[in-house]
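This report concerns only the one structure given below.
Number of protein chains: 4
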Amino acid sequence: MARSKSDDKQNAIKSAAIRIIAAQGLSAPTALIARQADVSNGALFTYFATKADLLNQLYIDLKTETGAAALAGLPAKSDLHAQISHMWSSWLMWAAASPEKRRALAHLSVSDEITAESRQVAHHALAGIGDLIEKLRASGPMRDVPLRFVFDLMNAVAETTVDFMIKDPAGAQAHSQTAFEAVWRMLGRRRLAKPND
Amino acid sequence: MARSKSDDKQNAIKSAAIRIIAAQGLSAPTALIARQADVSNGALFTYFATKADLLNQLYIDLKTETGAAALAGLPAKSDLHAQISHMWSSWLMWAAASPEKRRALAHLSVSDEITAESRQVAHHALAGIGDLIEKLRASGPMRDVPLRFVFDLMNAVAETTVDFMIKDPAGAQAHSQTAFEAVWRMLGRRRLAKPND
Amino acid sequence: MARSKSDDKQNAIKSAAIRIIAAQGLSAPTALIARQADVSNGALFTYFATKADLLNQLYIDLKTETGAAALAGLPAKSDLHAQISHMWSSWLMWAAASPEKRRALAHLSVSDEITAESRQVAHHALAGIGDLIEKLRASGPMRDVPLRFVFDLMNAVAETTVDFMIKDPAGAQAHSQTAFEAVWRMLGRRRLAKPND
Amino acid sequence: MARSKSDDKQNAIKSAAIRIIAAQGLSAPTALIARQADVSNGALFTYFATKADLLNQLYIDLKTETGAAALAGLPAKSDLHAQISHMWSSWLMWAAASPEKRRALAHLSVSDEITAESRQVAHHALAGIGDLIEKLRASGPMRDVPLRFVFDLMNAVAETTVDFMIKDPAGAQAHSQTAFEAVWRMLGRRRLAKPND
DNA sequence: CATGAATGAGGCTTCATTCAT
DNA sequence: CATGAATGAAGCCTCATTCAT
């Protein structure tokens with residue numbers, strides 16, 4: 001049955017692509033990506049018909065991975081504050097620990113090669129996060145603002161924070177915490193009784 | 198002090214570059230930019246030694262313009278809240294009204310062609326905004342957070358908001374206002390009984 | 395003497411090749427030919443060591459088939475005029491009914507991949523036709539012209555005629571007849587009795 | 592005003608293309624054509640936007656040249672027989688003297704890259720020949736056959752003859768003459784008692 | 001012997017930059 | 001100083017052929 005298309009190889013290509021795109025941007029030659037993945041020039045194209053295909057796949061993967069990381073180990077029984085705090089922290093720690101993926105994603109996000117469909121798929125992959133935020137939004141000061149807007153704001157704050165965490169790994173925890181509090185001030189319900197807010 | 202013929206051409210090239218980069222990304226051929234600027238192929242290189250030079254110039258220009266727009270007409274005598282509110286509104290309205298410049302800037306910002314030096318210069322161009330934010334930060338809940346972090350957070354919120362304003366021009370004003378309030382919650386001093394703060 | 399499985403596949407490949415070469419020319423990928431023949435990529439090369447081999451085989455086959463079609467059911471007892479008329483008609487009707495084979499052959503005939511040897515073999519396959527024409531030639535106005543030249547002229551007229559038959563199927567019979575008469579005028583002995591010829 | 596596109600260079604490219612296509616077929620690499628034309632790789636594309644463009648241009652040129660050669664020095668005052676005889680001879684001598692052009696044209700003629708439009712243009716370029724043949728046809732035994740058919744038949748005979756002339760240059764004149772007589776038998780009015788027809 | 005993934009040599013084309021005019 | 005043709009280095013992708021399974 002001949003060598004069957006191996007996931008390993010496919011993943012090697014994706015990894016190489018992330019590394020090289022992070023370093024050189026989207027103009028990274030497919031030939032270089034292939035070489036770094038220990039794969040021949042042409043083999044890349046048996047796994048991804050087109051450079052654009054590879055890019056789109058990468059984009060979806062990275063977004064999906066982000067979503068999964070954010071929701072991993074979510075304490076389902078806890079209250080909203082605890083859940084969102086957990087999510088925030090998972091999300092940012094993961095992102096801060098994956099600077100190449102982040103850089104690659106930054107390049108991909110602005111590319112015209114990424115189709116509307118891919119963006120759609122990626123958005124779905126983040127639905128879990130959206131659900132949580134929705135709960136937060138509904139009872140707080142931004143209850144009249146469209147979820148998408150709220151979500152994007154939160155995302156923007158997260159991205160910015162991650163940049164700082166990467167630049168200053170020693171303070172990563174603190175930055176994450178600081179930003180979470182800022183977000184909570186932005187979105188969360190004022191918690192009256194407890195003074196430790 | 199009329200702008201020289203040479204300046205005119207430089208500007209024509211930059212304008213064309215913005216338009217085309219917004220549409221096609223950074224891979225926009227210099228030849229196309231030149232044609233759109235009514236300048237010959239080769240002449241472009243007498244104004245910008247290199248494509249990268251043009252890109253860096255553009256980056257700096259756009260950042261500078263942003264900064265200028267934000268601070269235009271700042272009510273120097275008013276209180277901080279009024280000043281920042283004014284700045285926020287100027288900034289976002291200008292940005293929302295310049296979608297091509299924004300798209301071009303989005304491409305430029307992630308490019309590896311933009312040197313650290315250019316980023317430095319651009320940062321300086323936004324110093325005026327930074328000063329305002331500094332005042333805000335110093336007295337609010339993020340007083341212990343580095344200015345740069347605060348600044349970037351604010352910027353991130355602003356960018357996200359502009360995207361929404363562009364997508365939904367009818368609600369632009371409202372979105373700007375909503376976001377401003379969110380930012381204020383994030384950064385500003387809690388305003389208690391007395392409104393004259 | 396059933397044809398072996400192997401023969402079946404060879405034939406499937408050849409059929410597919412004819413179809414695809416007719417449609418796309420000689421640049422038709424072997425992989426596509428294989429797929430259309432329901433044969434794997436690599437298997438094609440166990441039947442034909444080389445793409446060039448396949449092409450040469452095809453060329454010989456098609457030429458041979460042409461020759462066979464021309465001579466099928468030849469009325470051995472009739473006079474030369476009747477025999478040649480019959481041959482002409484068989485030949486052209488077959489060719490006109492096989493446009494894909496003709497197109498494929500047209501591509502093959504000009505290809506540099508077809509070796510002199512293949513052309514030689516193909517020529518032999520048309521020997522039967524040649525014999526008939528030889529008789530015609532020997533007694534007519536072109537009796538001093540080399541057979542090969544006469545043969546090729548006749549062939550050229552036939553090919554041209556077939557093109558018209560394909561373009562105008564309704565008039566196919568008539569075109570064939572017209573051309574036959576033209577050929578006869580070119581080559582045949584003047585037939586005395588009838589003045590209106 | 593910079594170097595202006597030179598006809599010389601354009602012609603050098605075409606010449607090189609004819610030579611190489613004659614030798615290697617249409618798969619001749621553009622890079623090789625460029626090199627043979629003493630032109631850089633990329634320069635070829637300032638003269639012909641596309642390889643297909645070059646091919647089409649070449650096709651039209653060669654057809655046009657053929658037509659011009661056939662009609663050069665036509666004795667306008669002479670009778671039809673003399674005119675056609677002259678045309679035939681001009682045509683065939685020219686073609687026999689240009690074997691590379693012929694081979695190139697043979698490749699081009701079957702190519703799918705040659706557009707219907709190019710074929711149309713080429714056909715027009717041969718209109719002069721067509722007019723002559725029309726006169727011949729109208730009064731002879733093929734008077735009821737479409738001109739296009741007659742024209743193509745004549746062309747087919749001519750091509751075949753040229754092949755023989757090239758193979759046997761010593762007999763070129765004779766072959767041409769032989770073929771002309773054959774064509775005349777095919778198409779021409781029977782010339783009876785009176786020779787002055 | 002079949003399968004189809006792997007290989008890697010090109011092919012066409014684009015484009016930043018140079019340079020003759 | 002402008003013009004735009006010329007250069008030639010890549011880049012993406014295709015495809016005949018090989019070879020592990």
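Chains as they are written, first to last, in this note's numbering: chain A, 1 to 197; chain B, 198 to 394; chain C, 395 to 591; chain D, 592 to 788. Cβ coordinates follow ideal geometry from the N, Cα and C atoms, glycine included.
Open item on the list: Distance cutoff 8 angstroms, beta carbons only. Does Ile523/C sit that close to anything in chain D?
Closed with: Not one chain D Cβ lies under 8 angstroms of Ile523/C.
- [ ] Report the residue from Lys408/C, Asn549/C, Val433/C whose alpha carbon sits nearest the alpha carbon of Leu452/C.
- [x] Comparing Cα positions, the closest option is Lys408/C.
- [ ] Output the distance between the C-alpha atoms of Thr460/C and Leu520/C, rounded to the nearest integer angstrom.
- [x] 8 angstroms
TODO: Could you tell me if Gln711/D is buried or exposed, where buried requires 16 or more neighbouring beta carbons within 10 angstroms of its beta carbon?
DONE: exposed
Open item on the list: Can you look up Asn647/D in the DSSP assignment and give me helix, strand or coil?
Closed with: helix
Task: CB contact flag (Ser176/A, Leu92/A, <8 angstroms) - done: yes
- [ ] Put Thr641/D into one of helix, strand or coil per three-state DSSP.
- [x] coil
Open item on the list: Short of 6 angstroms in beta carbon distance, which residues of its chain neighbour Ala193/A, apart from the five on each side in sequence? Order them along the chain.
Closed with: For Ala193/A, the predicted structure reports a pLDDT of 44, less than 50, and the residue's modelled location is therefore unreliable. A value from the coordinates is still provided. Nothing listed; no residue qualifies.
Open item on the list: Once the 5 residues before and after Met142/A are set aside, which same chain residues still bring their CB inside 7 angstroms of it?
Closed with: Val150, Leu187
- [ ] Assign Ala410/C to buried or exposed, taking buried as 16 or more other Cβ atoms, counted over all protein chains shown, within 10 Å of its Cβ.
- [x] buried
Task: is_contact[Thr424/C, chain D] using C-beta, thresh 8 angstroms - done: It does not: the Cβ of Thr424/C has no partner Cβ on chain D nearer than 8 angstroms.
TODO: Note down, one range per segment and in chain order, each alpha helix (DSSP H) of at least 4 residues found wholly within the region 282-325 of chain B.
DONE: 296-307, 313-322
TODO: For the region 52-85 of chain A, enumerate the residues whose C-beta is nearer than 9 angstroms to any C-beta of chain B, in chain order.
DONE: none
Task: Per-residue contacts from Phe558/C into chain D (C-beta, under 7 angstroms) - done: Phe740
- [ ] Return yes when the Cβ of Leu54/A is within less than 8 angstroms of the Cβ of Leu105/A, no when it is not.
- [x] no
TODO: Give every residue of the same chain whose Cβ lies closer than 7 angstroms to the Cβ of Ala225/B, excluding the five residues on either side of it in the sequence, and list them in chain order.
DONE: Within the same chain, Ala225/B has close Cβ partners Ile217, Ile218.
- [ ] Output the distance between the C-alpha atoms of Ile478/C and Ala490/C, rounded to the nearest integer angstrom.
- [x] 18 angstroms
TODO: Could you check the C-alpha separation between Glu378/B and Asp328/B for me, to the nearest Å?
DONE: 20 angstroms
TODO: Assign Asp197/A to one of two classes, buried (16 or more other C-beta atoms within 10 Å of its C-beta) or exposed (fewer than that).
DONE: Per-residue confidence for Asp197/A stands at a pLDDT of 40, beneath the threshold of 50, marking its modelled position as unreliable; the derived number appears in the next sentence. Asp197/A is exposed by the Cβ-count criterion.
Task: Residues of the region 291-315 of chain B whose Cβ lies closer than 9 angstroms to any Cβ of chain A, in chain order - done: Arg300, Ala303, His304, Ser306, Val307, Ser308, Asp309, Glu310
Task: Partners in chain B for Arg185/A, counting only beta-carbon separations shorter than 8 angstroms - done: Here the neighbours are Pro338, Arg382, Met383.
- [ ] Kindly list, in the order they appear in chain A, the residues whose Cβ is closer than 8 angstroms to that of Asp349/B.
- [x] Thr160, Asp163, Phe164
Open item on the list: If I follow the unbroken alpha helix (DSSP H) through Met745/D, where does it start and stop?
Closed with: 738-758
Open item on the list: I believe Arg300/B touches Ser336/B by the beta-carbon criterion, under 8 angstroms. Please report the beta-carbon distance rounded to the nearest angstrom.
Closed with: Separation of the CB atoms of Arg300/B and Ser336/B is rounded to 36 angstroms, and the pair is thereby denied contact status at 8 angstroms.
- [ ] Identify, in the order they occur along the chain, each residue of the same chain with its Cβ nearer than 7 angstroms to the Cβ of Leu333/B, setting aside the five sequence neighbours on each side.
- [x] Leu277, Ile281, Leu384, Gly385
Task: Whether Ala643/D touches Ala550/C by CB criterion (8 angstroms) - done: no
Open item on the list: Can you determine whether any heavy atom of the ligand ATP sits closer than 7 angstroms to the C-beta of Tyr47/A, and answer yes or no?
Closed with: No copy of the ligand ATP appears in this structure; indeed no ligand is present at all.
TODO: Sort Lys167/A, Leu147/A, Leu108/A, Arg35/A by Cα distance to Ile60/A and report the nearest one.
DONE: For Ile60/A, the nearest C-alpha among the options comes from Leu108/A.
Task: Thr357/B burial status per 10 Å Cβ neighbour count (16 or more: buried) - done: buried
Open item on the list: Alpha carbons only, please: which of Ala355/B, Lys274/B, Asn208/B, Asp349/B is nearest the one belonging to His320/B?
Closed with: Selected option, being the one with the closest Cα: Asp349/B.
Open item on the list: Rounded to the nearest angstrom, what separates Ala628/D and Glu691/D at their Cα positions?
Closed with: 16 angstroms
- [ ] Leaving aside the five residues before and after Phe48/A along the sequence, list all residues of the same chain whose C-beta is less than 8 angstroms from its C-beta, in chain order.
- [x] Ile13, Leu54, Gln57
- [ ] Starting from the beta carbon of Thr641/D, find every residue of chain C whose beta carbon is closer than 7 angstroms, and list them in chain order.
- [x] Chain C residues near Thr641/D: none, gap ~16 angstroms exceeds 7 angstroms.
TODO: Consider the Cβ of Ala219/B: report whether some Cβ of chain A lies at a distance smaller than 8 angstroms.
DONE: So no, Ala219/B is outside the interface.
Task: Between the CA atoms of Asp401/C and Leu438/C - distance to the nearest angstrom - done: The straight-line gap from Cα to Cα measures roughly 12 angstroms.
Open item on the list: Counting C-beta neighbours from all protein chains within 10 Å, is the total for Arg579/C 16 or more, i.e. buried, or is it exposed?
Closed with: buried
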